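In what follows, a single structure is set out as structure tokens and then discussed.
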Amino acid sequence: MKRYNPQQIEKKWQEKWYKSGDFKAKNFSKKKKFYLLFEFPYPSGDGLHVGHCRPYIGLDVIARKKRMQGYNLLFPIGWDAFGLPTENYAIKKGIHPVLATKKNTDNFRKQMKMLGLSLDWAREVNTTDPKYYKWTQWIFIKLFENGLAYKDKMLVNWCPKDKIVLANEEVISGKCERCGADVEKKEKEQWLIRITNYAERLLEDLNMVDYPERVKIQQKDWIGKSEGAIVKFPVEGFEDPIEVFTTRIDTIFSGTYLILSPGHKFIERHKDKIENLSQVLEYIKKAKNTPDIERSNLEKDVTGIELKGVLARNPATNEEMPIWVADFVLEQYGTGAVFADAHDKRDFKLAKKYGIPLRTSIIPKDEEFSHKVKNLEECYEGEGVLHNSMQFDGLESSEAKTKIILWLKEKNLANTKTSYKLRDWIFSRQHYWGEPIPMIFCQNCDWQTISEKDLPVELPNVKKYQPTDTGESPLASIEKWVNVKCKKCGGPAKRETDTMPNWAGSNWYFLRYTDPKNNKALADNKILKYWLPVDWYNGGMEHTTLHLLYSRFIFKFLYDILAVPESVGSEPYKKRTSHGVILGEGGIKMSKSRGNVVNPDIVAKQYGSDTLRVYEMFIGPFEQQIPWDQKGVVGCRRFLEKVYNLTHNKISKSESDESLKILLNKTIKKVGEDIELMKFNTAVSSLMEFVNEWSRLQINRGSSKKSGQISSVGLSKKDFKKFLVILSPFAPHLAEELWKVVGFAGFCSQQKWPKYNEKLLKEEKVFIIVQINGKVRDKIQASSGLTQGEAENLALDSKKIKEWVKENKPKKIIFIQDKLINIVI
RNA sequence: GCCCGGGUGGCGGAAUUGGCAGACGCACGGGACUCAAAAUCCCGCGAUCGCAAGGUCAUGUGGGUUCAACUCCCACCCCGGGCACCA
109 MKRYNPQQIE KKWQEKWYKS GDFKAKNFSK KKKFYLLFEF PYPSGDGLHV GHCRPYIGLD
169 VIARKKRMQG YNLLFPIGWD AFGLPTENYA IKKGIHPVLA TKKNTDNFRK QMKMLGLSLD
229 WAREVNTTDP KYYKWTQWIF IKLFENGLAY KDKMLVNWCP KDKIVLANEE VISGKCERCG
289 ADVEKKEKEQ WLIRITNYAE RLLEDLNMVD YPERVKIQQK DWIGKSEGAI VKFPVEGFED
349 PIEVFTTRID TIFSGTYLIL SPGHKFIERH KDKIENLSQV LEYIKKAKNT PDIERSNLEK
409 DVTGIELKGV LARNPATNEE MPIWVADFVL EQYGTGAVFA DAHDKRDFKL AKKYGIPLRT
469 SIIPKDEEFS HKVKNLEECY EGEGVLHNSM QFDGLESSEA KTKIILWLKE KNLANTKTSY
529 KLRDWIFSRQ HYWGEPIPMI FCQNCDWQTI SEKDLPVELP NVKKYQPTDT GESPLASIEK
589 WVNVKCKKCG GPAKRETDTM PNWAGSNWYF LRYTDPKNNK ALADNKILKY WLPVDWYNGG
649 MEHTTLHLLY SRFIFKFLYD ILAVPESVGS EPYKKRTSHG VILGEGGIKM SKSRGNVVNP
709 DIVAKQYGSD TLRVYEMFIG PFEQQIPWDQ KGVVGCRRFL EKVYNLTHNK ISKSESDESL
769 KILLNKTIKK VGEDIELMKF NTAVSSLMEF VNEWSRLQIN RGSSKKSGQI SSVGLSKKDF
829 KKFLVILSPF APHLAEELWK VVGFAGFCSQ QKWPKYNEKL LKEEKVFIIV QINGKVRDKI
889 QASSGLTQGE AENLALDSKK IKEWVKENKP KKIIFIQDKL INIVI
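Going by the working numbering, the first sequence opens with residue 109, and the numbers climb by one from there.
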């Protein structure tokens, strides 16, 4: 008997598949299109580990099934290859990043082919390819032309170790996302993108898409919409009032002082009126130099300083209010100023510390607690009933909010206002290995775009890839490249030397897949119209607030400027799912430094790619984190061997055994539904159950093991075909091999996905659970479809039940057909 | 602090959404085959009492709803993730 030898089988089928071109998507095919997408990888020097493989395999299972269901499937692949790791590697080894990228993508490609992924390799894209980033630059130019890209001097997050400006998104609790160093603040000119213009649409349009609820919630939280009011606080002897954003205008009557952020322009503008200016400036200087990590430490004592010599007035009470500066008030949010009262912990703390008067205006429901609040012993931040609030006394917070706004609005002292936490997107990086920003600066004519015909602005060769200590990119040192002529006045001008962040290329790559070779547009309009939107996009949870939000934004922008056909709609991804990370054994993160990385090449070499695929799907719920278990792999190998051994014989029966036929039907239904829900683990286990049953049946038929010729019992040719087809998304190589061995025509991967027979799902014989008072006491076999009366008779007839019931009369009987009967005594 | 997940055998996990808790796989124990081992196959495998039939207890903890709770409600504990002075 032949032995299962995946190493031999797999290579052969991979070659045949890729040669046949079966996985190529066809533009404008009459079949229904389906665009299935996973996040394209960053080709690191370390290669893929088993964790990366999980989403690829999962989506490949879906892809193979969809194709069998008759879809014209687009399942593409590409490389997100700009970025720091490659640059750092270049710096360290002195190898050009282009070469390093080539080496890494070659390795990734080899690994992915080894997994038998049914990708369309003809549409491969690479973000570092000038033909690709020409269009990334084109998008930037369009952003600029539409007033969405601008340069501004600002305090940026500066990583002193990586010497790079970080986006807010790249700062994780005050530390650099990449290297973990404490992030500093530095003032720099930066390109920014007005993503904030799209805040409302990015929020609102979440209603149009099928994303997991937690993804939507994270996006919503990140956008951080809050509705409130701008209130004007007049300042004694000044024309301009201080404006304050608040969501709690119901507490306005307790506002006893104002707090400004250290960078508030009021201070600079009215410095001559501030009596203690030098102390104030010192405080501000200190606050600005405090790293965010310390500023955001809630345990920390609050600090502040009063602006002596200036006073504001509460527009509701008309009382005088001292003006303070405190570092916990943020410049970037709202108006950079707040009114302070007893209903905010920080305001409360600050007032207690410096003896600023406080007053309450909200009473909580709890009576004992409300005493403490009124006596200013405790700070109450919630909503409640108003007091100390003149004509609004006795109102609930929610009602008071609308009424107070109306009242102040009439006096022109307030207006409703919506605020967002989302900030504009810092788009410059001072690094080599990124797309050059296609802009030129002329002293006389200001910033100008590079003409479209001169795109791409290719990355020039440099001697050193390190960023400079001044924070400029290494491009700045190439004078020949930097100095150009202004296209307007012909005078001397300079190129922008900053490059784009990683996200630039990944914002729109899924558009390029539809038409990867186009050199007239980022993609042809008709082709975009055919393929878009992406029907199903899977990716990691870590990209929810970064890549997913950015790419939705860029897509909306492209939609607005008609670079994307209108019929497609303004959301790029119809459905989003996410996968869980695979952890090392023992549940710790897999990482090179821990030395617990499992290489798929080694697993595949030992057990075969199909085993690796099946195991990665079987290991646990797809969207959940799961530790790798090397010992567990063997179970999947045994399963495939069993399939191989069972079928490596003549399959000749014309009709399957009834029980197997029924089970096969159930399995077809279960596997199909589970794949759609990404419940791959239970799909695999139901395939295992089927194979176990089939195998058990053969052995019971008394076939001789000695002869090594297990006669094929139980499964007909027709049903065996169906089985191979539903197995094939998980173990495509084995399915293809057996397809051929048994002598079926064509490729298994080209077959139709089988339909199950609804009639066969209902079993004729069922087990009915008999319970006494909700506890299982017996199971009775009966034909399906029994009525309550029939079931009752059967149940009460049973010996065991008789013993339990004895003389007691049933008080109540609950009956669920074909399932359960519960006798309450 | 706030917002999401999650807690089930020795382990990874199932459980049609309120109806047999522990499918499937690993590990482990016993047996068959073998001179022997590996491989393979069969049996067992939550705890506890019992020779057994069978009983009792058990899904993080404590309460509740229900004929019936892993599933629903309330309170709490623990683990993972996200946000974090957002006015």
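Cβ coordinates follow ideal geometry from the N, Cα and C atoms, glycine included. Please read these numbers as outputs of a predicted model, since none were measured by experiment.
Residue i burial status per 10 Å Cβ neighbour count (16 or more: buried)
i: A289; result: exposed
i: F447; result: buried
i: A230; result: exposed
i: K814; result: At K814 the pLDDT is 35, less than 50, meaning the model places this residue with poor confidence and gives no usable figure here.
i: K61; result: As displayed, the chain neither begins before 109 nor continues past 933, which places residue 61 out of reach and without an answer.
i: A508; result: buried
i: S819; result: Its pLDDT being 44, under 50, S819 is placed unreliably by the model, and nothing is read from it.
i: R175; result: buried
i: S891; result: exposed
i: A853; result: exposed
i: D329; result: exposed
i: D452; result: buried
i: R322; result: exposed
i: H655; result: buried
i: S559; result: exposed
i: C161; result: buried
i: T510; result: exposed
i: C550; result: buried
i: Q817; result: For Q817, the pLDDT reaches just 38, beneath the cut-off of 50, and the residue's location in the model is therefore unreliable, leaving the point undetermined.
i: D643; result: buried
i: C597; result: exposed
i: F136; result: exposed
For residue i, the nearest candidate out of the options (CA to CA)
i: L167; options: Y143, L156, G178; result: Y143
i: T937; options: T653, E383, Q538, L181; result: For the chain, the structure presents residues 109 to 933; residue 937 sits outside this window and is missing.
i: M262; options: K294, C284, D237, T236; result: K294
i: F855; options: K110, L484, E123; result: E123
i: D358; options: V874, L928, S505, V565; result: S505
i: L314; options: L720, E679, V706; result: E679
i: K628; options: L389, K239, N180; result: K239
i: H687; options: K777, S675, E724; result: E724
i: K269; options: T576, E604, L516, K825; result: T576
i: D455; options: N135, P430, Q440; result: P430
i: K340; options: L521, L484, E866; result: L521
i: K127; options: G542, K221, P151; result: K221
i: S836; options: K381, V751, W802, K919; result: V751
i: V792; options: D737, F730, L823; result: F730
i: Q574; options: H204, I770, Q177; result: H204
i: I933; options: K927, D926, Q925, L904; result: L904
i: F838; options: I783, I470, G647, I922; result: I783
i: D737; options: P184, G695, S585; result: G695
Any non-hydrogen atom of the ligand ZN within 8 Å of residue i CB
i: E335; result: The ligand ZN is not among the ligands present in this structure, which contains no ligands whatsoever.
Anticipated Cβ contact below 8 Å, residue i with residue j, distance rounded
i: G371; j: G444; result: 7 Å
i: Y938; j: W611; result: Residue numbering for the chain in the displayed model covers 109 to 933; residue 938 lies beyond these limits and cannot be assessed.
i: W266; j: E292; result: 5 Å
i: T607; j: I669; result: The Cβ separation is near 23 Å, so there is no contact.
i: Q326; j: T652; result: 5 Å
i: F726; j: L772; result: Contact flag wrong, Cβ pair sits at about 20 Å.
i: Y540; j: P609; result: The pair is not a contact, with the Cβ atoms about 13 Å apart (cut-off 8 Å).
*For the stretch 516–535 and the stretch 299–306, state whether three or more C-beta atom pairs, one from each stretch, are separated by less than 8 Å.*
Counting Cβ pairs under 8 Å, three or more are found: they touch.
_Cβ pair count under 8 Å reaching 3, the stretch 360–375 against the stretch 464–476_ = They touch, by the three-pair rule.
*asked:* Under 8 Å: do the stretch 868–878 and the stretch 741–754 share three or more Cβ pairs, one atom per stretch?
replied: no
*Taking 8 Å as the threshold, find out whether the stretch 156–167 comes into contact with the stretch 195–210 through three or more Cβ pairs.*
no
*asked:* Under 8 Å, with one C-beta from each stretch per pair, do the stretch 660–669 and the stretch 697–708 reach the 3-pair mark?
replied: Contact between the stretch 660–669 and the stretch 697–708 is absent: fewer than three C-beta pairs spanning the two stretches fall below 8 Å.
*Taking three-plus beta-carbon pairs below 8 Å as touching, is the stretch 872–883 in contact with the stretch 891–900?*
yes
_Runs of 4 residues minimum, wholly inside the stretch 529–602: which ones carry the alpha helix (DSSP H) assignment?_
587–590
*asked:* Check whether the stretch 409–424 and the stretch 384–391 are in contact - that is, three or more C-beta pairs closer than 8 Å.
replied: yes
*asked:* Counting beta carbon pairs with one atom in the stretch 916–923 and one in the stretch 856–865, are three or more of them shorter than 8 Å?
replied: Contact fails: fewer than three Cβ-Cβ distances are below 8 Å.
*Which runs of the beta strand (DSSP E) fall wholly inside the stretch 637–704 and span at least 3 residues, in chain order?*
For the beta strand (DSSP E) assignment, the uninterrupted runs of no fewer than 3 residues enclosed by the stretch 637–704 are, from N- to C-terminal side, 644–648, 684–687.
*Every unbroken beta strand (DSSP E) within the stretch 269–325, with a cutoff of 3 residues, ordered by chain*: 272–274, 292–301
*Would you mind listing the alpha helix (DSSP H) stretches within the stretch 129–192 that are 4+ residues and don't spill past its ends, in chain order?*
158–176
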